[in-house]
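Residue numbers (the numbering used here), protein chains in the order written: chain A, 73 to 498; chain B, 370 to 594. Presented below is the structure to which this report refers.
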Amino acid sequence: MKLLNKISYYFLVSSLLVFFVMFYLIYILMYQAIEFNTDKHLKNILHKVVHNLKKEKDVAYYNLVEINEVDSCDENLIGKYSIQDAKYIVDEDNNIETFRELVSYVKVKNSIYKITLRASILEKELFLRDILVIASISYILLIIILFYLNKTISKKILRDFYNTLDKISKFMLNERKRIIFDKSNIYEFDQLNQKIQFLIDNIIREYNTLKQFSDETNHEIQTPISIIKSKMELLLQNVELKEQDLCNIKIMLNNIKKLEKLSKSLLLLNKLETQEFFNKDLINLSEEIMSVLDEFEEMLVFKGIKLIKNIINDFYIKANESLISILITNIITNAIKYNVEKGEILVCLENNELVVSNTVENLSENPDKFFNRFYRSKKENDDIVGVGLGLSIAKKICEMYDFDITNGYENNFYFIKINFKTTEKI
Amino acid sequence: MKILLVEDEKQFANSIKEYIEKENYVVEIAYDFWEAKEKIELSNYDCILLDIMLPSGSGLDLIPDIHEFQPKCGIIVITAKNTIDDRVIGLELGADDYITKPFHLAELNARIKAVLRRRFFDGKKVINFNEIQIDIDNREIFVNQNKIDLTKREYEIFMFLFNNKNRLITKDAIIEYVWGDDSNNFDNFDFIYTHIKNLRKKLINSGCKDYIQSIYGLGYKFNEI
């Protein structure tokens, strides 16, 4: 619900209440006023009638005056009067009309008269109905006015607010672009803009610091790694080392390599998050895949993995060449790494889709986790020099270009599917 | 051969020095920009290993100086950043080669040799070693004048081991040198065994001594015997 509508809603509900209380009060007050006036009028007539009776003048001048001589009546009633509503049928159609009726007993020259005076009065129900109609019309008018008022308000007053909202929703932290708000002449909105600007500036600054820190750390790590690596290599040249020592050095070197890879992968992920690869080229993906597969040929032969290719020719996409190379390499690497002895790899590029599947030993691991950073299969042993970032990087690259990347199991195969939604064919 | 190493990280510089000194080079180290500049202007070198990130300036700015004072000298740029920019600028300014940290000392050694050969053995680029002749330009190997039919990879592995004679070279280092950046994605280095086996077989079959020795599944060594 929009802010204005919400406000209007409350306003209308409460005004509905006020309206009807007000109109009911008006009804009561007005009706009482009318009654009071009618009664006063009746009392005046009563005076005249009594006066005329006493002077023995003709009293039948009103058709609504009834004078009957009565034999007796309660002494207490003489000289007093009572007024109440009375309904009478007034015509042949049985229409009932309400009258105000005054009844009084007067003693004139030893005879007692019962005087009944009637005055036509507005019917309560009719009166109430009219008031209700007026109230309802006013209320509808109020709604209509509010509707147009809201439109105008949101156009004129809330415009600044919606501008601000629009700017915030377009804000992307990794673009690190400051938001410049227009000056609002409404104090609250101006304050809001200022506070948001302050907040965003702070966020960008913190983000930059963090990124820089992470970048610098990863760069700084390279130096100690270089030194350790070089010293180990020197150590290796020592001819007096026993086999056990050499094996230990080998393990150390493997782990240093892991560190090296880790920091390089993190640097790459950082770069991807800050979108530092801008230039896009038209890439022949078919050729790119073939060349990556060529690079892995020896590895495949060594592991006895059978490669089945179904790659259409000259499929082009627009992206950064290095990133696409990394993407393809990571996916193929994955398919080799988690393959079984004498397994198979299927690489299939058609219909805008690249599907890489490989035989797997174990179908029980949840494939959703594979894209997580640092997720590594239990199958991995110490000899494998992986850090568990390959697929996260692949996913990040796909996200960057809006490619759909999915994975899962199908007929004893694990597959990764990339849909290059926006493709350019030549 | 006299080599100048410009590198601010002392321990790292010492490692490089220790490793390449075994090739009978005279190695001098400059730890910062100004020291390097002074040495370049005063002394003569055959090859300069130039780290770009120096505390007092960019190594790239030394390249014009090197060209002026050491026109015959080879330059290998060492970069810490894995950015293409530095490499391209370095090569454009006239560096002969580049290497990215962290690297294997064996790889640096091989690259120094390649640069020195290109610079100082102009004309006939044939290396003789016992019964082996290596034709660098055509990338061919002869044993007792008979050409050995080697694949591209086998030739590269042979050259890498040959350039690092008498040193234990890990499989990792060989793969990184021969397969380049792609090697980062190999999860297993054992496939190199097939290449080495074929290489040794080809060499031995043509009457070459078995120079290449396997060491505990860790790596290989080209023994001068």
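Here a beta-carbon is modelled for each residue, glycine too, at the ideal position from N, C-alpha and C.
C-beta neighbour in chain B for residue i, strict 8 Å
i, result
"A:F475", "no"
"A:L308", "yes"
"A:I297", "yes"
"A:F492", "no"
"A:I498", "Bear in mind that the predicted position of A:I498 carries a pLDDT of just 47, short of 50, making it unreliable; the figure below should be weighed with that in mind. No, no contact with chain B."
"A:C319", "yes"
"A:M362", "no"
"A:M324", "no"
"A:F285", "no"
"A:S464", "no"
"A:M244", "no"
CB contact check: residue i to chain A, cutoff 8 Å
i, result
"B:T539", "yes"
"B:T563", "yes"
"B:E387", "yes"
"B:H473", "yes"
"B:R480", "no"
"B:I458", "no"
"B:E378", "yes"
"B:F555", "yes"
"B:I584", "yes"
"B:L587", "yes"
"B:D534", "It is worth fixing the name first, because residue 534 of chain B is Lys in this sequence and not Asp. No - not a single Cβ of chain A is within 8 Å of the one on B:K534."
"B:D384", "The residue asked about is misnamed: residue 384 of chain B is Ser in this sequence, not Asp. Taking Cβ atoms only, chain A reaches closer than 8 Å to B:S384, which makes this a yes."
Cβ-based burial, residue i [other Cβ within 10 Å; buried from 16]
i, result
"A:V432", "buried"
"B:C577", "buried"
"A:F171", "buried"
"A:A105", "exposed"
"A:I498", "Confidence at A:I498 is low in this model, with a pLDDT of 47, below 50, so its placement is unreliable and the value that follows should be read with caution. A:I498 is exposed by the Cβ-count criterion."
"A:N411", "buried"
"B:S425", "exposed"
"A:V121", "buried"
Residue j beta carbon less than 8 Å from that of residue i
i, j, result
"B:D465", "B:I496", "no"
"B:A475", "B:N533", "yes"
"B:Y414", "B:K371", "yes"
"B:D541", "A:L325", "yes"
"A:F487", "A:V427", "yes"
"A:S176", "A:Y153", "yes"
"A:L114", "A:L189", "yes"
"B:L418", "B:V375", "yes"
"A:F233", "A:I272", "no"
"A:E413", "A:G376", "yes"
"B:H473", "B:E523", "no"
"A:F446", "A:G460", "yes"
"A:I203", "A:Y82", "no"
Per DSSP, the bridge partner or partners of residue i
i, result
"B:C577", "According to DSSP, B:C577 bridges with nothing at all."
"A:T478", "A:K489"
"B:F511", "B:Q502, B:K516"
"A:Y153", "A:S176"
"B:L423", "B:G426"
"A:A158", "A:F171"
"B:G443", "B:C416"
"B:S583", "B:Y589"
Boundaries of the beta strand (DSSP E) in which residue i is found, first to last residue
i, result
"B:A449", "No beta strand (DSSP E) holds B:A449; DSSP gives it neither H nor E."
"B:D415", "Here B:D415 belongs to no beta strand (DSSP E), and DSSP marks it neither H nor E."
"B:D434", "Counting along the chain, B:D434 falls outside any beta strand (DSSP E), though it belongs to the alpha helix (DSSP H) covering 432-438."
"A:S183", "183-192"
"A:N430", "425-431"
"B:T469", "466-469"
"B:I372", "371-375"
"A:E416", "416-422"
"B:G588", "588-591"
"A:N356", "353-356"
"B:E410", "Note, B:E410: premise wrong, no beta strand (DSSP E); alpha helix (DSSP H) at 402-411."
"A:K381", "378-383"
"B:L537", "537-539"
"A:N140", "137-142"
Enclosing alpha helix (DSSP H) for residue i [first to last residue]
i, result
"A:S86", "75-126"
"A:L308", "259-308"
"A:Y388", "Segment 388-391 is the beta strand (DSSP E) holding A:Y388; no alpha helix (DSSP H) there."
"A:N320", "315-345"
"A:E471", "462-472"
Neighbour flag for residue i against chain E, beta carbons, 8 Å
i, result
"B:A405", "Absent from the structure is chain E; the protein chains it does hold are A and B."
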